[in-house]
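Read left to right, the sequence shown gives residues 1318 to 1393 (this note's numbering).
The block underneath contains the structure these notes are about, expressed in structure tokens.
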Amino acid sequence: SLPLLQEDNPTARQLGYVADALRVDRQRFTQYAPGQTCRNCELYGGEAADSQGGCQLFYGVEVKAAGWCSAWKPKA
Ligand code: SF4
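And the structure:
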């Protein structure tokens, strides 16, 4: 698998990506609702059982299935 996206990556910072959705900054991201994770995001490419997988927004790295960022969209 590819290296993991780091939270201090500039784009990750801009989008408020965290590897664990329990650490979402809820003051900054009032749209966050518990239960939202990369695993159930439209832009996530990992299989259901994987702990990490690709994200359409980040090239050459993987995001944690348990992560979240402000570009989260429900799976269609
Ligand atoms: Fe995770 Fe979706 Fe954000 Fe990609 S767009 S980092 S899959 S929440």
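From the three backbone atoms N, C-alpha and C, an ideal C-beta is built for every residue, glycine too.
Note that the structure is a prediction, hence the values are computed from the model and not measured.
- In the DSSP assignment, Gln1369 falls within the beta strand (DSSP E) that extends over 1369 to 1372.
- With a threshold of 7 Å, the Cβ atom of Ala1388 counts as near ligand 1, since some heavy atom of the ligand is closer than that.
- Beta-bridge partners assigned by DSSP to Lys1381: Gln1369.
- Under DSSP, Phe1375 forms a beta bridge with Cys1372.
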